[in-house]
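Engineer: Protein chains in written order, with this note's numbering: chain A, 832 to 1132; chain B, 832 to 1132; chain C, 832 to 1132; chain D, 832 to 1132. Each residue gets a CB set at the ideal place from its N, CA and C atoms; glycine is no exception. On a predicted model such as this, the values are computed, not experimentally measured, just so you know. The structure's right below; bear with me while I get my questions together.
Number of protein chains: 4
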Amino acid sequence: MAEDQSKPRVAFVGLGQMGRAMAQRLGEAGLPLRVWNRTRARAEGLPEAAVCASAREAAAGADLVVSSLADDGAVRDVVLGADGVLAGLPRGGVHVGTSTISLRLAGELVDAHAAAGSAFVASPVLGRPDAASRGELWLLTGGDAAAVERASPVLAHLGQGRIDLGTPRQAVLAKLLANFMIAGTIELLAEATTLGEKGGIAPPALVDLLTRTLFGSPIVKGYGGRIAGGQFKPAGFAVPLGLKDVELALQAAHDLQAPLPVASVARDHLIAALARGRADWDWGALATAVREAANLPVRQD
Amino acid sequence: MAEDQSKPRVAFVGLGQMGRAMAQRLGEAGLPLRVWNRTRARAEGLPEAAVCASAREAAAGADLVVSSLADDGAVRDVVLGADGVLAGLPRGGVHVGTSTISLRLAGELVDAHAAAGSAFVASPVLGRPDAASRGELWLLTGGDAAAVERASPVLAHLGQGRIDLGTPRQAVLAKLLANFMIAGTIELLAEATTLGEKGGIAPPALVDLLTRTLFGSPIVKGYGGRIAGGQFKPAGFAVPLGLKDVELALQAAHDLQAPLPVASVARDHLIAALARGRADWDWGALATAVREAANLPVRQD
Amino acid sequence: MAEDQSKPRVAFVGLGQMGRAMAQRLGEAGLPLRVWNRTRARAEGLPEAAVCASAREAAAGADLVVSSLADDGAVRDVVLGADGVLAGLPRGGVHVGTSTISLRLAGELVDAHAAAGSAFVASPVLGRPDAASRGELWLLTGGDAAAVERASPVLAHLGQGRIDLGTPRQAVLAKLLANFMIAGTIELLAEATTLGEKGGIAPPALVDLLTRTLFGSPIVKGYGGRIAGGQFKPAGFAVPLGLKDVELALQAAHDLQAPLPVASVARDHLIAALARGRADWDWGALATAVREAANLPVRQD
Amino acid sequence: MAEDQSKPRVAFVGLGQMGRAMAQRLGEAGLPLRVWNRTRARAEGLPEAAVCASAREAAAGADLVVSSLADDGAVRDVVLGADGVLAGLPRGGVHVGTSTISLRLAGELVDAHAAAGSAFVASPVLGRPDAASRGELWLLTGGDAAAVERASPVLAHLGQGRIDLGTPRQAVLAKLLANFMIAGTIELLAEATTLGEKGGIAPPALVDLLTRTLFGSPIVKGYGGRIAGGQFKPAGFAVPLGLKDVELALQAAHDLQAPLPVASVARDHLIAALARGRADWDWGALATAVREAANLPVRQD
């Protein structure tokens, strides 16, 4: 079975909304998977997938591991822990991390994999679970060229395009910068629609004006529509997740010594939204804090 | 000469770069113009145009006056002054102001025209002189419906589309908000490219990533390119003009009682660029202040 | 009557709360006054004071005019207007302006007085009306040395001390900076007490701690007490006045090209307080905007 | 030896500049000490002090341990580590932590001590090593009342006064808020002196004005003098330490959900100072970033 031998043996750890959508893509492409998730029930029912008892076990039988985990803490546990990916991954294996993590952890992962004789490739993604299901993610990829090359056929199933950034730290930084751009654009839209409404311009009219003229990007359309419509639930990306990513960008700003003042403005508004109990609202809801500072009502349709 | 009678008699006052490009469009469309500019030499040589000795004289023989002036001070002089538009414009005439002015002045102009039996239509534009020459401006128009209707055939020559906003104050506010969105986007690009460069991502690579994925708007492309290339001269829109418009947005924020914190961040960086003697650089040069705070070199190619 | 001849003939224009308290001091010191106020009723009943029909008339019989006016607009009218101080003041006279005005206007006043053969001394004050009544103001004084010398005996009655700053513009700038320091300190106290309260530290306890240890200044005590007690009415200095002065500082920051970011933060919170209808609250009420962003209740005892 | 028995057996761990000054005070008061420091040489030569081989050993023979450590990481190691304070401290012992740490760690320490049958008292201090040597620190103390009572005689030797705040988390928060107030005041002074200098007011003159009138606190005098004189070396408290504390305040702002915008402004300027290579300058050097944004020269006398 030459074909089987040519196929990489792939493990997938972390099957949250995003991870599951990506794993599903790989299964549908005919790649046999070894999968693991902390909550086992979420690991069931994927095509071509064998459910493993630990991340270590999943990795042990794989050439390539893809991980999709919530944050630095989860990555430390699931990758660097005693039962983690690194403990199982054979020498020469490649681990592709798609999580949005800190620069500091990205550096640690590179070192830890190198010490274990394997390779860490960072490939955080732009897009939401529904885009992942359609294979429309953008992959921001960084790592040793040979390792990226080996991961390339698998990555090709996950997204519509891959942008190579250099090192894993640079790939992670690029993701943090993209999310910072999104947060900042939400902030701009929040401020502009609020001031506009105070002057009698309905938010949908302003968003329409902006998207028809100079600001016709998916971000302005998407978040502009959410803000104009007051539609923050269900969350595509919830306030605490957005705040986490903005704070990772601010941490990077400290580490690399480059101030990022608009991130602080957005951070303050995300915190104010949390203070109002909006932890399960979409991070576009930072606009609610802007509206309240202008004494406009907040509605959630 | 039925045809001549059907054509509106149009005056154009203020023939700076933008005004001249618009007046040229009207002349090329076959509209006979009465023109006036403070510096008379700039009024010469337009097709179909009779040069007048004052704004008052230009307006006196017109049904419709279009003005394109630098700021509140110029509008006060040229429109409300003794030899100004309002002193000349016949009862029933329409004055279309394309300048970016304060909300306060927009309100005063409405009242002054009404008192004089004429009508004020605000129609600030989105786009630069080269777009004006190609008829590719966007017109943000507000005023009494009948007056806008009468101005409509002339406005049709000036831009690729007209967006009606309601009152003149709302049209002016929409323009201030659009410029605020531009200033804010420049700020975001400045911060992101600076932090990226400190982390080893070349600014052109980051701008390319952003425009290829989620931020493919003309503003991100245009200013991203300027910032990535360090190309701030010649200015498309110089730092002091940008600062003026950001401060008009901040004044509107006060008057309408809605904070606009990112405008303050952008304002501080524009001021820092001025402090370095960059008054003749494009307002994209607010990025130079962001770079210097991160101790990156500033170049001007 | 050698004594009478040695006394300067003094006019006082502008008898608001502050002006009246200062004029009262001069009258009690035995200086005969020529007084004027826009609302004549407020000019009545001062000791040793002759009420005049215009600022011009008041100034016409004086060697020295002291003015106390609300803002740039009032100063332009009352000083530079047809019936204003400058029209009446004899050649060689001195005009001491105690108002907080813009740098731009300070420069204009110097030029206008010089052109008229008189002298402008700026002497804005630190302190509130009750301090003025007790002669406890601080005078920040700038102007030609000979003119300041001539004004000196009169100024000595107005405050507990005079600090000479150089030019009138510098005296005005010093006042704007002092008010900026106050606004900034209010902002700091607002943020600290709010965060403290969220963590279980009662605002009075925190203010007490701060004043007992490292921050024992009158400003921290005074505004700390107001904020801790939620006591914003009656206003010592109302939100719109505070906002005006913060915006004058921001205008100076533009003119002199030095960013002033904390002024923008305070400005946004003053605007948010206005948006909640708190125009008649003390400017310490910028703390209410900070509290609301943290979802703490606002009370007004 | 009744007297000896009545004396508490005290251990002191962490003998940096601050810790050593405090330990010296205790020794001079006649309290026999068991001391430990990571770098043993710094532990030698204190009066009445027995040098121990580990924090655990020092704590093992003590009723009361005082610790003075650099940051969260050091506290985790030295207190919670295998050879740490908690492993040695007898049941019923009291540990007084004087370090400035995060709220999160403060909560963890309370729990860990309770689980071990001992008590954690937080008592961060206001003041620098020279104030510690003179016994002039202020102690911000929080913990179980009985434990604070037992620590009281020892604390009395360390400072000029103790302010009780409630829980250890509240004591730590109070310290973070005091440091935030200091950072914010430095920021205000930096902005005011910079704008003043651009307008011709020498920084020493402005600082003198402020301290003579409304701002006569030790913080304004101390940092105002540093900034006015451009005296940032040697550092009393270096830029990275200041940045650490400002970031702890921002972390508290997240955890307690209360925005702290001026902390972000100060943070950005501290980062900009680091970007210029000023890690060994006093944190008053955030003023250098403010000066550079206004294009004023930075000097270090």
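(1) Pull up the CB-CB distance for A/PHE1046 and B/ALA1023, whole angstroms please, since I reckon it's below 8 Å.
(2) If you draw a straight line from the C-alpha of C/LEU1081 to the C-alpha of A/LEU986, how long is it?
(3) Around the Cβ of A/SER1048, are there at least 16 other Cβ atoms within 10 angstroms (buried) or fewer (exposed)?
(4) By the criterion of Cβ-Cβ separation under 7 Å, what are the contact partners of D/SER983 in chain A?
(5) Would you say the beta carbon of D/ARG851 is closer than 7 Å to some non-hydrogen atom of the ligand GDP?
(6) Is the separation between the beta-carbon of B/TRP1112 and that of B/ALA1066 shorter than 8 Å?
(7) Starting from the C-beta of A/LEU1127, find all residues in its chain whose C-beta is less than 8 Å away, skip the five residues before and the five after it, and write them out in chain order.
(8) What separation, rounded to the nearest whole angstrom, lies between the Cα atoms of C/VAL896 and D/LYS1052?
(9) Mind listing which residues of the segment 1109-1128 of chain C have their C-beta closer than 8 Å to chain A's C-betas, in chain order?
(10) What does DSSP give as the partner residues of D/ILE994 in its beta bridges?
(11) Would a check of beta-carbon distances place A/ALA1103 closer than 8 Å to chain C?
(12) Looking at the C-beta of B/GLY1030, does it have a partner C-beta in chain A at a distance below 8 Å?
(13) Name the two residues that bound the continuous alpha helix (DSSP H) containing A/SER983.
(14) Are C/ALA889 and C/VAL866 closer than 8 Å when you measure CB to CB?
(15) Are the C-beta of B/LEU989 and some C-beta of chain A separated by less than 8 Å?
(16) Take A/VAL909 and list the residues in its own chain whose beta-carbon comes closer than 8 Å to its own, dropping the five residues that flank it on each side.
(17) Is it buried or exposed, B/PRO1123, if we count other Cβ atoms within 10 angstroms and call 16 or more buried?
(18) Of all the CB atoms in chain D, is at least one closer than 8 Å to the CB of C/ILE1017?
(19) Curious, which full-length alpha helix (DSSP H) runs of at least 4 residues does the segment 878-960 of chain B contain?
(20) Here's a check: name, in chain order, each residue in its chain whose Cβ is nearer than 6 Å to the Cβ of C/ALA963, leaving out the five neighbours to either side.
(21) Is DSSP giving B/LEU1091 helix, strand or coil here?
(22) Where does D/ASP1113 fall in DSSP's three states?
(23) Decide if C/ASP1099 is buried, meaning its Cβ has at least 16 other Cβ atoms within 10 Å, or exposed.
(24) Relative to the C-alpha of B/LEU1091, which candidate in C/GLY904, C/LEU1087, C/LEU1101 and C/PRO1090 has its C-alpha closest?
(25) For A/ALA1106, decide whether its Cβ has a neighbour in chain C, counting only Cβ atoms nearer than 8 Å.
(26) If distances are taken between C-alpha atoms only, which option among B/LYS1006, B/GLY892, B/GLY997 and B/ARG856 comes closest to B/LEU877?
(27) Alpha helix (DSSP H) containing C/LEU857: first to last residue?
(28) I want to see whether chain D comes within less than 8 Å of C/MET853, judged by CB atoms only; does it?
(29) For D/ARG1107, does the three-state DSSP call read helix, strand or coil?
(30) Does chain D have any CB closer than 8 Å to the CB of A/GLU834?
(31) Of all the CB atoms in chain C, is at least one closer than 8 Å to the CB of B/ASP903?
(32) Helix, strand or coil, according to DSSP, for C/VAL1077 in the structure here?
(33) Opposite D/VAL841 in the DSSP bridges: which residues?
(34) Report the rounded CA-to-CA distance for A/ARG871 versus A/ALA842, giving the unit in angstroms.
(35) Please confirm if D/GLU967 has its CB atom under 8 Å from at least one CB of chain C.
(36) Exposed or buried, which one is D/GLU1018 when buried takes at least 16 other CB atoms within 10 Å?
Structural biologist: Well, looking at it:
(1) Sequence index remark: in the first sequence, residue 1046 of chain A carries index 215 (1-based). Sequence index remark: in the second sequence, residue 1023 of chain B carries index 192 (1-based). Incorrect: roughly 17 Å between the Cβ atoms, too far for contact.
(2) For the purposes of this step, residue 1081 of chain C is taken as the residue at position 250 of the third sequence. For the purposes of this step, residue 986 of chain A is taken as the residue at position 155 of the first sequence. Computed Cα separation, rounded: 52 Å.
(3) If you number the first sequence from 1, residue 1048 of chain A lands on position 217. Label assigned to A/SER1048: buried.
(4) One-based indexing of the fourth sequence puts residue 983 of chain D at position 152. Ordered by position in chain A, no residue passes the 7 Å Cβ test against D/SER983, which lies about 37 Å from the chain.
(5) Of ligands this structure carries none, so the ligand GDP is not represented either.
(6) Taking the first residue of the second sequence as 1, we reach residue 1112 of chain B at position 281. Taking the first residue of the second sequence as 1, we reach residue 1066 of chain B at position 235. Their beta carbons are under 8 Å apart, which means B/TRP1112 touches B/ALA1066 by this criterion.
(7) As a first step, residue 1127 of chain A must be located in the first sequence, where it is residue number 296. The answer, listed in chain order, is THR1025, GLU1028 and LYS1029.
(8) In the third sequence, residue 896 of chain C corresponds to position 65, counting from 1. In the fourth sequence, residue 1052 of chain D corresponds to position 221, counting from 1. Roughly 36 Å between the two C-alpha positions.
(9) ALA1120, GLU1123, ALA1124, ALA1125 and ASN1126
(10) Translated into the one-based positions of the fourth sequence, residue 994 of chain D becomes position 163. Bridge partners of D/ILE994: D/LEU971.
(11) Against the first sequence, residue 1103 of chain A aligns to sequence position 272. Yes, A/ALA1103 lies at the interface with chain C (some Cβ there is under 8 Å from its Cβ).
(12) Within the second sequence, the letter at position 199 stands for residue 1030 of chain B. Taking Cβ atoms only, chain A reaches closer than 8 Å to B/GLY1030, which makes this a yes.
(13) Reading the first sequence from its first residue, position 152 is the one you call residue 983 of chain A. Residues 976-989.
(14) Residue 889 of chain C sits at position 58 when you count from the first residue of the third sequence. Residue 866 of chain C sits at position 35 when you count from the first residue of the third sequence. Result yes, Cβ atoms of C/ALA889 and C/VAL866 sit closer than 8 Å.
(15) Numbered from its first residue, the second sequence carries residue 989 of chain B at position 158. Output row for B/LEU989: interface = no.
(16) As a working note, residue 909 of chain A is residue 78 in the first sequence. If we look at A/VAL909 and ignore the five residues flanking it on each side, its Cβ neighbours are VAL844, GLY845, ARG869, ALA886, SER898, LEU900, GLY915 and VAL916.
(17) Counting from one through the second sequence, the residue named residue 1123 of chain B turns up at place 292. The question names Pro, but residue 1123 of chain B is Glu in the sequence shown. Flag for B/GLU1123 reads buried.
(18) One-based indexing of the third sequence puts residue 1017 of chain C at position 186. So, not an interface residue.
(19) 886-891, 903-906, 916-919 and 934-946
(20) Mapped onto the third sequence, residue 963 of chain C falls at position 132. Result list for C/ALA963: MET849, ALA852 and MET853, in chain order.
(21) The sequence position of residue 1091 of chain B within the second sequence is 260, counting from 1. Coil.
(22) Residue numbering aside, residue 1113 of chain D sits at position 282 when the fourth sequence is read from its first letter. In this structure, D/ASP1113 counts as strand in the three-state DSSP scheme.
(23) As a position in the third sequence, residue 1099 of chain C is number 268, starting the count at 1. With 16 or more other Cβ atoms within 10 Å, it is buried.
(24) Within the second sequence, numbered from 1, the residue matching residue 1091 of chain B stands at position 260. With distances taken between Cα atoms, B/LEU1091 lies closest to C/LEU1101.
(25) By 1-based counting over the first sequence, the position of residue 1106 of chain A is 275. So, interface residue.
(26) Translated into positions along the second sequence, residue 877 of chain B becomes position 46. It is B/ARG856.
(27) The count along the third sequence starts at 1 and reaches residue 857 of chain C at position 26. First-last of the alpha helix (DSSP H) with C/LEU857: 848-859.
(28) Translated into the one-based positions of the third sequence, residue 853 of chain C becomes position 22. No, because no Cβ of chain D sits closer than 8 Å to the Cβ of C/MET853.
(29) The sequence position of residue 1107 of chain D within the fourth sequence is 276, counting from 1. Of the three classes helix, strand and coil, the one that applies to D/ARG1107 here is coil, per DSSP.
(30) Mapped onto the first sequence, residue 834 of chain A falls at position 3. Because the pLDDT at A/GLU834 is just 41, under 50, the model does not fix this residue reliably, and the point stays unresolved.
(31) Locating residue 903 of chain B in the second sequence gives position 72, where the first residue counts as 1. Chain C, which has no Cβ nearer than 8 Å to the Cβ of B/ASP903, makes this no.
(32) In the third sequence, counting from the first residue as 1, residue 1077 of chain C sits at position 246. C/VAL1077 falls in the helix class under three-state DSSP.
(33) Start at 1 with the first residue of the fourth sequence, and residue 841 of chain D comes out as number 10. Per DSSP, D/LEU864 and D/LEU895.
(34) Counting from one through the first sequence, the residue named residue 871 of chain A turns up at place 40. Counting from one through the first sequence, the residue named residue 842 of chain A turns up at place 11. Answer to the nearest angstrom: the Cα atoms are 15 Å apart.
(35) To locate residue 967 of chain D, count along the fourth sequence from 1; it is residue 136. Not closer than 8 Å to any Cβ of chain C, the Cβ of D/GLU967 fails to qualify, so no.
(36) Against the fourth sequence, residue 1018 of chain D aligns to sequence position 187. It counts as buried.
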